[in-house]
Structures are given as C-alpha cells and as structure tokens.
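Okay, so here's the structure we're looking at.
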Amino acid sequence: MAAELTVLTGSDERDLTRLEAYRAIGGYRQLARARKMNPARVIEEISKASLRGRGGAGFPMGRKLSLVPPAAKRQGPAYVVANADESEPGAFKDREIIRRVPHRFLEGCLIAAHAIEAEAVFIYIRGEYLAEALVLEAAIEEARVAGLFGQVKVVLHRGAGAYICGEESALLESLEGSRGQPRPRPPFPPVAGLYMQPTLINNVQTITSVPAIMELGAERYAELGVASAPGTVVYSLSGNVNRPGNYELPLGVTLRELIFEFGQGIADGRTLKAIIPGGSSVPVFTPDQLDVQLDFDSVQAAGSYLGSAAVIVVDERACMVQLALRAEKFYMHESCGKCTPCREGTRWLVRLLEKIEAGDGTQGDLDLVVDVCGRIEGKSLCALGDFAVWCVGSYVEKFHDEFQRHVDEGHCPYGGESSTDGVPAPSDQHTHTAMAQVPA
Amino acid sequence: MSTPELVNVVIDGRDIQVPKGTGMVETALAAGVEIPVFCYEPRIGPPIGACRMCLCEVEGMPKLQTACTMTATDGLVLRTAQTSDKAADGQDAVLEFILLNHPLDCPDCDKGGECPLQDLTFRWGPGNTRMHFPKRTFDKPIPISPLIGLDRERCILCYRCTRFSELVAEDGQLVAVDRGAQSIIATFEDEPYRAPLSGNVIEVCPVGALTSMTYRFRARPWEIQNVPTVCGLCPVGCNVWATTREGKVARILSRNHPEVDEGWLCDKGRFAYGHLGAEDRITSPLRRVRRRGFERVSWEEALDEAERGLHEADGSVVVALSGGETVEQATALARLVQDGLGSRAAFLPETFHPALERFRAPLSAIRDADVALVLGDHPVIERAPIVDLWLRSARRGGAEVITVNPAGTIPTAPGSAPATCAQLAQGDPPRELRNAARSLKRAKRVALVWSQDDSTGGAHVLALAQSLGEKASVYFLPRTPNGRGVAAAWRAAAEPPAGELGGLIVSGDEAAADPRVQELAQRARFVLTTAMFENEVTLWSHVVLPGTSYLEREGTTVNLEGRPQRLRRAANPPVDDEVAFFADLAGRFGVPVDPWAAELPAERASLPPRSEGNGAIKAPAARAAGRPGKGLELVRYRGLFSGAAVERVPQLQFQRALAEVEISAADALPRGIERGAPVRVSSNGTSRTLTARINRRLRAGVVRIEAEHAEGLAGRVEVTRA
Amino acid sequence: MAKLYNRIQKVGAKYPQRRSAVMPALRLAQEAHGGWLPPEALRDVADALDLAPAEVEAVATFYDMFNFEPVGRHLVEVCTNLSCALAGAKQVVDAFESELGIPPGETSEDGEVTFRLIECAGGCGYAPVVVVDHLYREPTRPEDVPGLVEELRGS
Ligand SMILES: Cc1cc2nc3c(=O)[nH]c(=O)nc-3n(C[C@H](O)[C@H](O)[C@H](O)COP(=O)(O)O)c2cc1C
Ligand code: SF4
Ligand code: FES
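Below, the structure is given as structure tokens:
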C-alpha cells in the first residue's frame, strides 16, 4: 500500500536535515500560516484532526492544548516541552524522526508554542542520543539564525540515562534539576508543569505530526488512519523478523501486515511465538492475534496497548521465563525508588523469577508471582509500576505451561538452548554508585 | 481574611463539613476516621504520595487514590480500608512491601512503643512475610553525625528527613542517593550532617531509622515521663517536652506551638541538656576563705555570709543580670535590692523599647507577610534559628525577603541597619534601597526583623515600623533568652556608679562572662555570685551559690515576641534554686517575697494583644556606616553553638563555629586565596590563622568571623595568604 | 576550575532557573575530570550553582551516565534488553568478555576500555546494539568484536 506520509514525508527522497532542503519542500510555511492565525484557531484545527499522543497514552493533543490557560487568563509564562526521552524497550522511532526531519519537528514545536503563546520550548532528549542531539543542535542553530524562532526561546536539554525521565512529571523534575521522580497529579502539566507554570508536554512524533495537520487540514488528515485514531504513525518493528526497522503507516494496519508484509516474516522461516505490540511495557499477544489492528482502541480491545507502537517479534527459540526475568530486571533497574510498591515489588519479582528460571521455584513461588503482580498494579505513583507487571503478568497468563514446566521439571525446558539463555542485565554488574548494598 | 467556603464530604459513610481544600487525611480525622500515613507530614511541604500507605477508594475513580494528596471538594465520597475491601487490600499490599526489608527488631529499637509502623503491623500487618529472600542488609546504625544515628535497614524511604533538609531547613545536606531499590539516605561523602537544625530529622522519621546518639538505648517509653516546658537557650523560647527518667533529663523533644516554633527545634535546644550533669558544675554553696580559695558551706551559712556582706555594703549595691533568669528570679532580686538594700543600680544585659508592644505579632505571622525586611549584621540563624525557618517558609510561600547586611540581598556596609531604617522611613532612599522601599509601600503585611545588638532597644526599626503603620510587625531579636522579662522586672534601673562598690550581686554565668561585669567585680568590696560553673567572676566572689538551668526552674520567661511562657522544673537542681535563696535573703532585710509566682502562663501561652499608643518614636541619629581606613572591615558575630552549656556537651563540639573567615570572591581573588586555604587575619598587633570560606554573596571589603575566632581582632583587618 | 565555573554559569543562563543546569553542569564536570565525577567535581558543580554538594550527588547518582569511579579511555556499552537479547546480545557480551578479559562493569587492566551493559539504547531495529564512546555501532555481531577491540586499542 502506498500510504501518504505525514511525519517522515520526503525524507526517503532527499536529505531534509538542512534548512534549505526542508524549506524547498515547503518547510516552515505552516508555521508562518499558524502565526497569522489566532492561537485558538490553531488549537481548534489540531483538535478537529483528533491527533492522539504518540508517546504511549494516546491522549488527544487538542484536549491537552485547550487545558492550558490562555495567556490572558494566566500569570507568568507557559512552556512547551518536547519529550524526546524515548527509552521504551522496542521503540526507536523518535530517534529516526529527529535524524531525518529535525526541522519538521522544530516547526511542530514552534506551532505548538504559538498555540499556547509559550515563552520557550524545551526539548528533553535522552542522553544516549548523542548523534541525534548534534543533528538537532545544528537544526536549532540554522533556524535561530534564520530568525524562525521569533520571541520563542528553544533549549535542548540532554538527559543522562534514566527511563523514568520519559514519564512527563519525572521529566519535568529532571528538567528542573532534581532527581527525576514523578510528581503526584493533579495538578497536571497544562495547569502547573515546568517551574509550576502551564506546560504543554508532548512526544516528538505527536509534535512532528502537527505541520502536516496544518498543511492538509483537519479533514484531510482525519481521512488517514482510523476514525478513532487518525493519521499515520511510525511503527518500530524489532525482534526476530527479516526486515526490522521503522515503518510509517496509517494507524490501523494489522500485525500480520506489519510483520509479514513490511517485516517480511520471521527470520530463517522459524515460527512465531509471541508479539509484544507496544513496547516491552504492554501485555503480550500470541500468534492467534495477528489480525489485531494496530490502533489505540483495537489493541486495547484485544487486551493490550498500542503504547509507543513498538512491535517486538518473538520466535520459538525464546524462553518466556527468561524473557520475563530480563524485562523485570529492566523495571527494577529503572524504578525511580520513590513509591513503595514499584521499588520493593519489582525487586521481589526479580528474585522470584530468578528462582523459577533456575528451576528452584516452587508452585508457591509461581503463584506468588501472579499475586505480587496484582499487589503492585494500580497502586504505584506512576505507570511504571503497572508496566512492570503487565509484561510479566501477561507472560505467565499466556504461557502458563512454560512457567509451570520450569517448576515441575525443575529446569528450563530449553535446557540452555533458548535464544534468551543467560542474557545478563545491567543490574547484574556491580553498580558504580554502590553506596547501597543490595545483595543479589 | 475571608472565611473559606465549606464543602460536604462523605467518609466511610459519615457526612462531614470542612473548609474547601482541607487535606483528606485531616478531613477523615475530623470525621473520626484515621488514615495511616508514612510519607505525609504537612509541616514539611506539599504531599508527595510516595509511601502509598494512605490508599483509599474514591467514588467515580477506577484506581485507588492516595488520601494524602487529595483535598476536600464538595460531594467527594471516600472510603478507607475500614469500609472498602479494595482499599484494605491496597493498604495490606503496601504494608507487606514496606515490611519486606524492614527488620522486625521492635524490642530493641528506640522507636519501639512510639512507632506508627509497629502499630500498623499489629493492627493489619501480615504476621509473617511471604518473602523468603535475604532482606536488604546494611551496617547497623552508622552515625551521620555525633548527634544522629542512621539505621538503613529500618529506613522505609518516606523521604521525610530529606524533605526536611531540602524544604524546611534548606541546608540540602541529607539526601537520597542512587535510584530504585538501591536508593539510600546519605550525606555528601559520608561527611557529618552539620547544620543547626539537623536534629529535627530524628523526630520526623516515622520509624526508628534516625535516632538520637545521645538518647539511644537510654530508656524505654514506659520508664519515662514527659515534662512540658520551654527552651531557655535563645529568645525564641521553643516549646519542648523534657523527657525525664529518675529525675534526670534524658532527651528534649519538640512540643509544637504553632505560633512560635511549629514543632521544630535547633540542635542547641535539643542536645545541650547534657550540661546539667557536667562534672565541673558547682553543686553546693561556697564561701571564700583567706588564701585557701573556697570552702563548701550550708545554705544557712551562705545566707548569713551574704546578709553580712550586703549589710556592710550599706546601699552601694549593684546587680548584674544575665537575661536568662526567670521573671520571678529577676523580681525577687529587684525586691531585695530596691526595697531591701535601697539601691536601683543594675547592669542589664539588654534594653527594650516600650513601643515594641505596639508592633507585636506572633512569629508565625512572618509567614503571612508579603514582604519581610531583615536588618542587622548578625546572621538570624545564629541568633534565633527558628526565626530563620519562618523567614524561609515565608519566601517559599512567595513573600519577598529582603536582607540588609554585608551578605544580604542588599549588601550594605557593616553597621548600616540604623541608617537604612532612617532612609526608608524618611521616604527618599538611595538607589540601592528604592526597590525595597517600593515593596514595603505596596505590601499589605510587612515583617521587620532586627538582628544585631542595639543599645536603643529597637528604636530605629520601630521608627520605620511607625512610618509603615498598622501593617508592620517588628521582631526585635535580643541576645538573651529572657532579657525582655528581666528588663521589665527592672524598669527604673540606674547605671552602676563609678568608684568603689559596696557590694555586687552577679546573677548567672552569662553576666559573669561579661568583661564589664568582671570590671565591676574588681572594684566591689563584696561579691555574691550565682553560677552553674566556675568562671572569671567566681574567683572574685565571697559567696557563690549554685546556679540552676532553665530545665531546673519553675517560673515565667518572656520570649522575643513578648510572650510570657511557663518554665517547669524537669530535673532537680543540686540545691534549692535562686528564687528561694533571694526570697530568704530579702526576708532578712525585712522584705517579704513570695518565691512562687502569683499566676503562671498557660502550658501553651498566648500572645498579649498589641498595646495602644501613637506617640512619635524617636531614634537617635544614625552614624554613617563603614569606617574609613585600609584593610577589610571585620564583622564579628556570636555563633549559635557557643556558651557555657554548649561547651560542656561533647557531642555538640562539631557544631561549634569553624575557625573560618568568610571573604568575598572579589577580595579573595587578588589575594590569591582559594576555597579552604589557610589565611592570616591581623589587626593592631594580634593575628590569627583561619581557613578561608569564599562567600560569593558577601560585599567586597568585608570579612566575617565568629566571635570565638575573632578574639583580639577589631575594626579593620589585614587578610593575607598564610 | 575557574574555567568550569564560567562554563557552568553560561549554561545556567539558558534556563529560567539556574538549578536546571545541574545535569549539563555535571556533564561538563565529568568531561573536565577525565570521564568520571570525583567528589571534587561534585563540589565544583555545587559551588557554581549555589547548591549543597549533597544535592548535586543526589541528582548525579540518579542517572546511569554519570560515573563515580575512574573509567577507561574508551567506553564500550552493550545493550541486552529484549530486542537485542532476541538478536543474540549474549553472544556479543561473551565476545567482549573474552576479548577484553574482564566481566561487564569493569575496566581493562591497561585502563584502556571500560565495558558495561546498558538497558535499551533505542536501536532495537538494528540489534544487537553496541555503543562505543557514545556512538552507536548497529548491528554488532560477535564476529565483529575482535576487530572492534583491536581498533580501540590501536587508536
Ligand atoms: C515510565 C514511563 C515512561 C515513559 N516514557 C516516555 C518516553 O520515553 N517518551 C514519551 O514520549 N512518552 C513517555 N511516557 C509517556 C509520557 O508520560 C507522556 O504521557 C507523553 O510524553 C505525552 O505525550 P503525548 O501525549 O504526545 O503522547 C512515559 C510514561 C511512563 C509512565
Ligand atoms: S511507580 Fe516506580 S517509577 Fe513510578 S513513582 Fe513509583 S517507584 Fe517511581
Ligand atoms: S502518606 Fe500518602 S502516600 Fe505516603
């Protein structure tokens, strides 16, 4: 299917990283148009397009925009914060967007800034993205010199390695120079965000979709994708497929299309075992769910979440217990430590899964895994606690036999032959900030 | 202030009306429902919803909510663990998670019996945890300072202590490091937590993780008795509980007076009680005997000797007061000397302008001010630490806090405070004061804080207050704890005469430590001294009576607000106290004095109303600040951790002022002086070697040194690299 | 360290509140101190931003990219999160372990290379991902490792 693009548009044909190249294809015209429009009109347009957030929650950007008190009704400045912390295992789309269309992303930031009459735009990019930060820095410099910022200040802020800083309130804490730990909400960022001022915070891709909406108009844009979620999205496809990579497609393609047409199927003709449809944090799918459409509502109806549209394909060689353990080590490592259930619960789950994986697990241990997941879910301060149990919980549910065999047979059925056997994790190596002594 | 709108809330089926915005934990309490909390402590700052212990079910919300982060809105229906299985399950889960790594060693934990976690565990808690993996292990209590022990195994990471350090004291020294399950509470590089208010973290800790090194394993809650009294070590007069065991003080805890201290104490008030048992304490009356120094005598013999000496003095008697006496002590002395011996001559530590009563306000009102102006070269935190907390709280609440001193937001030359008041009062201030003047004008409520010694008793700042009118409150920070009460008892006092004195009565160690009093002693034929410890003056004395500590006295003390507060005897003095002695003595001179105060203030004293009166307040003309001359101008101040009591508590020594000189970056650079470098400070002959502390806020041309380390230095000093 | 002080002031000026500059400041300090943050570096940052050293340590230790022990001249990081694990990250880790003769989390004897594991680096489509001195090598297969180590030792 030759789909119309709205995010990476034009970047296949030519290098759009330079300002003149982007301008040559009409870049920044929508910004100029928007700036001639009344901010309320811009918000209206984006709302009409019912663009849903690409950062994970799928919250309508228009609604967020209209939650920000208009300049007349607020004291002090408002800010736009672009969330470029992309750290969800399986996701690598924002990185590609920044590398290929940095100026479209900036144009989106500036249109959003106009919509809420923001004083400054802060771009929080994960620290590991050095090459991407350099691309952005260059683009920002070009745009500044070209006078495209007007009164708006644009600041590029690099993270330093913490998944939780992708969570919006933790990101704001981090940006304010504190430990990146989530805040209780309400108040929500549009009301009290950065420095407690009204703040619009959106994902890179959400923001980069804005120029296309302005260009096509809400109606035309809404024709793409599905009614409940218009537009295109960049799917990150990874794992055991022949052609992994980013694919920008209209929302609503099926898993089958993505994996078998675009991804050209499972590597080496192996059989499909599991699919993680939205990044490591969401409940897992089984092969019988290949026809689920990849849009927010369809995936949710099928029992998972589209999340960051990062699809991880797992073939027959993987041991789900090992995969669960590896995933949980990630959440334990990334738990910010602020709230009790996540901080203590993830550590407990890791211990239990280690035991089961080693073949020393009892029936009680396996039941306890399920129970502990239930005790964490819905009780933590931010969603990381939920993420940490959705994955493991769904693995146990959907692949219960495999877990059961570890307990019954006292060893991994794969007998060391699995693709995931003995995969080490950062939390296994001795920490360099080791004032804390947490026994393994 | 307008009365807030009332809203209807339903908690566990009970209807209750509370002001809109009331915290749900408080709202529930008002409805008679207790919601368990750990991280929630409103005095520390906004709720953080971290521990999750307060999870409740809220109608219309799918997920459990933390009550601590919610406020009352009309029609809110909340169900706690007591009526909601979902909430009960949530709390049970959280409690199990908390206990995963918490040792159940309650029997030998200092918190045992006073621990919310222990109570909860008994009420709901899972008898035996289902975690069969080794708990987190750490070295058992490590000292984070000579005063505070930290047991990381007991820590439940509620972040109360770190938030106190960050958001209340703002010293930023106690923090959480690392992330996730590895997070621990720590100080920088395991250096001691050295800050004037550090001890409060012991009290905010909801479990036994932070404990007092001076109290640990001393007593069990059921062996002790808590006496409500008032701290007598600075003019704030924080309300405290003196925990006693077998007639001895075992610890000091805060006794929250919301208008005075909000439940905070400085480390001096919390830990200095150790001096009561100092072995060099004078424990019996002493009489001077020719060449053999002193001999112990009985109470009666001491009275006889005192009577004889004062009788021979016939009328030429002077009294030197400390400013730490109770009102009753000062009054008994006044009656004895004025009515019995016919003298009015007294050496008073401080004077107080009567108009202070006209601009009186509770300390808590500092937080409600929109502008606070702090005048004077003496750091507020060294003089009255709790006032510093109120000022910080005001700033966090959005008030503009203007400080006028060499390191202030308006960095002025030393000694500028009087002139500044005059300039602001007259209304045509110099450029550097214009913004301040504008703010004062615009403000609806102004707090004026005076923080340095002042022979006029506050005339300058009062004159400024008068120019601002009703909206101004004046907080005049004296040097002594009850100087105000003592001065009141000695209103018509006369200056000590010149030449030989018949007799001198020195009341207390502070007076005895004053060089001017020592000078009086040298020209007195007879000297009667009451003191806790030997000092320069006792050597000149003929009779020495054991002095008592504020923890050993009954009576009244008046704090800097002018609030009379009640002191209670928590520990027994070595012999009967000063009031009894001077009452007896007065009796011998035909003046009946009732040692027991007529009526004492309430346990939680209220502040007398502002007095009327609108006579113009005249302040003496202020001399132009800044002495001319070469070298840098020296500002010396008395550190909080100084004095006879502090000197006798080993665990407090690390808190005493370091041998440092604060120097501005502008003066340090040309002299090649770097952070931490040794420097020589000298003036007229004397010279001292101190460590350099670069203070980027300090005005160029000024250095600041704590008095103890500035001995012999005065006026302008030369500063060079050592 | 006056130079570092001034650079931090410059970064601080970009933000409405100077404290926001603590992360960039730590990065500058880490560069200035040869790739890691000795206590002195934390003190410098605290001094420049008017914070207590403990506050700076609290922030620094929260993030994975700040080091509190000396590091090698080169930094080799291997992602072992799900997508990379499925693509054989374990074998890549083993290859580095035997080539460098150290387990992950350590620095080679000669102080040349620090080798560590990292969580998802955002290269899942090009797994297994190896990051060398902060630049991605995607994908890196076990057989590429000897040459890569060679190259590092040589440079
Ligand atoms: C633990 C956690 C990690 C997150 N990581 C990211 C991230 O890396 N990038 C992102 O855009 N949103 C992330 N989010 C979602 C953000 O909190 C927020 O919803 C999003 O940035 C809003 O932007 P959007 O409305 O455009 O999606 C994360 C959320 C959680 C709970
Ligand atoms: S859920 Fe985890 S990451 Fe989120 S606040 Fe709680 S501890 Fe932090
Ligand atoms: S008391 Fe509410 S979360 Fe801790």
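Residue numbers (the working numbering), protein chains in the order written: chain A, 1 to 440; chain B, 1 to 722; chain C, 1 to 155.
Glycine included, C-beta positions come from ideal geometry on N, C-alpha and C.
All figures in this text were calculated on a predicted structure; none of them were measured in a lab.
Check, Outcome
"Straight-line Cα distance separating B:G45 from B:L167", "7 Å"
"B:V175 at chain C interface by Cβ criterion, 9 Å", "yes"
"Local Cβ density within 10 Å of B:G499, reported as buried at 16 or more and exposed below that", "exposed"
"Three-state class that DSSP yields for B:Q173 in the structure shown", "coil"
"B:V18, buried or exposed, once every other Cβ within 10 Å from all chains shown has been counted against 16", "buried"
"Sheet register partners of A:Q293 (DSSP bridge)", "A:T254"
"Endpoints, beta strand (DSSP E) assigned at B:R693", "T686 to I694"
"Chain-ordered chain B contacts of A:C109 [CB-CB under 9 Å]", "Neighbours of A:C109 on chain B: none; closest Cβ ~30 Å, over 9 Å."
"9 Å Cβ cutoff, C:E57 in contact with chain B", "yes"
"Chain A residues whose Cβ lies nearer than 8 Å to that of C:Y5", "Going along chain A, no residue has its Cβ under 8 Å from C:Y5, so there is no contact; the nearest lies around 17 Å."
"Whole-angstrom distance between A:R158 and C:G122, CA atom to CA atom", "15 Å"
"B:R648, buried or exposed, once every other Cβ within 10 Å from all chains shown has been counted against 16", "buried"
"Three-way DSSP call (helix, strand, coil) for C:V145 in this model", "helix"
"Assigned exposure category for A:T462 - 16 Cβ within 10 Å defines buried", "Any answer about residue 462 of chain A is impossible in this case: the structure gives chain A only from 1 up to 440."
"Any chain A beta carbon closer than 9 Å to C:L135", "yes"
"Beta strand (DSSP E) runs wholly inside the stretch 425-466 of chain B, at least 3 long, in chain order", "446-450"
"Residue closest to B:G555, alpha-carbon to alpha-carbon, out of B:L95, B:S212 and B:E325", "B:E325"
"Cross-chain neighbours of B:M131 in chain A, by beta carbon under 7 Å", "W348"
"C-beta atoms of B:L607 and B:V230 nearer than 9 Å", "no"
"Backbone CA spacing between A:L16 and A:G422 [nearest angstrom]", "43 Å"
"Cβ neighbours of B:R704 in the same chain (closer than 6 Å, five flanking residues each side left out)", "V635 and E662"
"Beta-carbon proximity check, A:A318 vs A:K48, cutoff 9 Å", "no"
"Interface partners of A:S174 on chain B, CB under 9 Å", "Those within 9 Å of A:S174 in chain B number zero; the least Cβ separation is about 12 Å."
"9 Å Cβ cutoff, C:E99 in contact with chain A", "no"
"A:A2 versus A:S209: straight-line alpha-carbon distance, rounded", "The predicted position of A:A2 is uncertain, since its pLDDT is 43 and thus under 50; a value taken from the coordinates is nonetheless stated next. Roughly 19 Å between the two C-alpha positions."
"Contact check, A:D288 vs A:G225, beta carbons under 9 Å", "no"
"Cβ-heavy atom distance, B:G90 to ligand 3, below 8 Å", "no"
"Check: A:F59 C-beta below 8 Å from any heavy atom of ligand 1", "yes"
"Proximity of B:L303 and B:R588 at Cβ, strictly below 9 Å", "yes"
"Those runs of the alpha helix (DSSP H) which lie wholly inside the stretch 138-183 of chain B and span at least 4 residues", "160-163"
"Inter-stretch contact (C-beta, 8 Å, three-pair minimum) for the stretch 406-416 of chain B and the stretch 679-699 of chain B", "yes"
"Closest residue to B:P134 among A:L19, A:P70, A:A115 and A:W348 (Cα-Cα distance)", "A:W348"
"Inter-residue Cα distance where the pair is A:G303 and A:V253", "17 Å"
"Secondary structure of B:W540, DSSP reduced to three states", "helix"
"Cβ-heavy atom distance, B:A67 to ligand 3, below 8 Å", "yes"
"Proximal residues, the stretch 42-68 of chain C versus chain B, C-beta separation under 7 Å", "L51, A52, P53, A54, E55, E57, A58, T61 and F62"
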